[in-house]
Amino acid sequence: MEKEVLLPEADEPQPDPVSQRSSYHDETDPADYNKAEAVSKPKRKPRHHGRVWWSTVAKMALLLPAAVVIFYLGRASHDVTTPTPTTPTPTTAGYPPEPVSLGKCSPDWEVSKARGCVYDFVLSTWMHPRCFNEDMHERYLGYMRWRNTTFWRERERIHEVPFDEAARGEHGEIFTDGTVHHMHCSYVWDRITYASHFSPRVLDSLCRDPKHVEHCILYNGIPQSWEIDLPNITRVYNEPHEVDCLVG
Numbered sequence: 001m002e003k004e005v006l007l008p009e010a011d012e013p014q015p016d017p018v019s020q021r022s023s024y025h026d027e028t029d030p031a032d033y034n035k036a037e038a039v040s041k042p043k044r045k046p047r048h049h050g051r052v053w054w055s056t057v058a059k060m061a062l063l064l065p066a067a068v069v070i071f072y073l074g075r076a077s078h079d080v081t082t083p084t085p086t087t088p089t090p091t092t093a094g095y096p097p098e099p100v101s102l103g104k105c106s107p108d109w110e111v112s113k114a115r116g117c118v119y120d121f122v123l124s125t126w127m128h129p130r131c132f133n134e135d136m137h138e139r140y141l142g143y144m145r146w147r148n149t150t151f152w153r154e155r156e157r158i159h160e161v162p163f164d165e166a167a168r169g170e171h172g173e174i175f176t177d178g179t180v181h182h183m184h185c186s187y188v189w190d191r192i193t194y195a196s197h198f199s200p201r202v203l204d205s206l207c208r209d210p211k212h213v214e215h216c217i218l219y220n221g222i223p224q225s226w227e228i229d230l231p232n233i234t235r236v237y238n239e240p241h242e243v244d245c246l247v248g
């Protein structure tokens, strides 16, 4: 935006500088400046700047204590009505509560059966019944039966283990083909996805283990063609530690 030129143009007649001495005279009744100059100008009374300044200081001195009182009254009212912030704890908002254990199951099948645990053949571990998803488990067993999965007592494939016996989990380690391992990892993620749809979440500690989950991601994400159909490459055994069933 351009600035407006307020100075008079060069061609316009300039007003008499004498007429600019005052801007308060009535333009309909021009003032006679010759007479005005003849009249002696009255002396101006000195302005009392010091009195005005001290008056202002006095007013501020009176207002300052009142402002301080109002400030502290407001502060006291705020302290009474506003709760003091506290350091969040795991039980307060913003922090998820710690998962609650429903019970652990041993890798020893006899101990686990005595505790009332059930065997998840696809996950290859004993677990609390609350963490066992029977419908999903039966579906994956159906996949194994459909593809005629075979199990062996030793890697040399000398003694075959019947499918139903292998699924009961009352054995040590057994061996089978590479596809079963990939099905196991898909099953882990299927369990995680299913559990995430409910609140609170009920899921075993094996499927909550970051290292185990990461292993399954990489194992299924980068499969090796040579190992998938090898008949004895996968070792099925119980985890060497207790598996917990957690809620939350």
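Numbering (full-length UniProt numbering), first residue to last: 1 to 248.
The beta carbon of each residue, even a glycine, is placed where N, CA and C say it ideally should be.
Contacts around residue i, its chain only, beta-carbon distance under 7 Å, and the 5 residues preceding and following it disregarded
i	result
T234	F175, T176, D177, G178, V180, H181
E227	G178, I233
R130	L102, V202, C245
C117	C105, W126, M127, H128
R157	P231, N232
E239	P107, T125, L206
Spatial neighbours of residue i in its chain, beta-carbon cut-off 6 Å, leaving aside the 5 residues before and after
i	result
Y237	E173
T87	Caution applies to T87, whose pLDDT of 47 falls short of 50 and renders its modelled position unreliable; the model cannot decide the point.
W109	G169, E170
residue 273	The displayed coordinates of the chain run from 1 to 248. Any statement about residue 273 would go beyond what the structure contains.
V213	none
V100	V247, G248
Paired residues, beta bridge with residue i - DSSP
i	result
W152	E160, F175
K104	D244
L203	L246
W126	Y119
R235	F175
Presumed contact (8 Å Cβ cut-off) between residue i and residue j, rounded CB distance
i	j	result
E143	M183	In the sequence under discussion, the amino acid at residue 143 is Tyr, which differs from the Glu named in the question. Right, their Cβ atoms sit about 6 Å apart.
H171	C245	23 Å between Cβ atoms; not a contact.
R145	F163	7 Å
Residue burial classification, residue i (beta-carbon count within 10 angstroms, cutoff 16)
i	result
V243	buried
T125	buried
T89	Note on T89: pLDDT 45, under 50, position unreliable in the model; the coordinate value appears next. When all chains shown are included, T89 counts as exposed.
N148	exposed
A195	buried
Check whether residue i and residue j have beta carbons under 8 Å apart
i	j	result
G169	Y119	yes
G248	R201	yes
L206	I192	no
H241	P97	no
Y187	V122	yes
T150	P223	no
L141	A166	no
Cut-off 8 Å between Cβ atoms - residues of its own chain near residue i, not counting five sequence neighbours on either side
i	result
V161	F151, W152, R153, H171, I174
H137	D120, F121, V122
D135	none
D229	D177, G178, T179
F132	V118, D120
Residue i at chain C interface by Cβ criterion, 8 Å
i	result
V213	Absent from the structure is chain C; it holds one protein chain and no more.
Contact test: residue i Cβ vs the ligand MN heavy atom, cutoff 7 Å
i	result
D229	For the structure depicted, the ligand MN is absent and the ligand set is empty, with no information on it obtainable.
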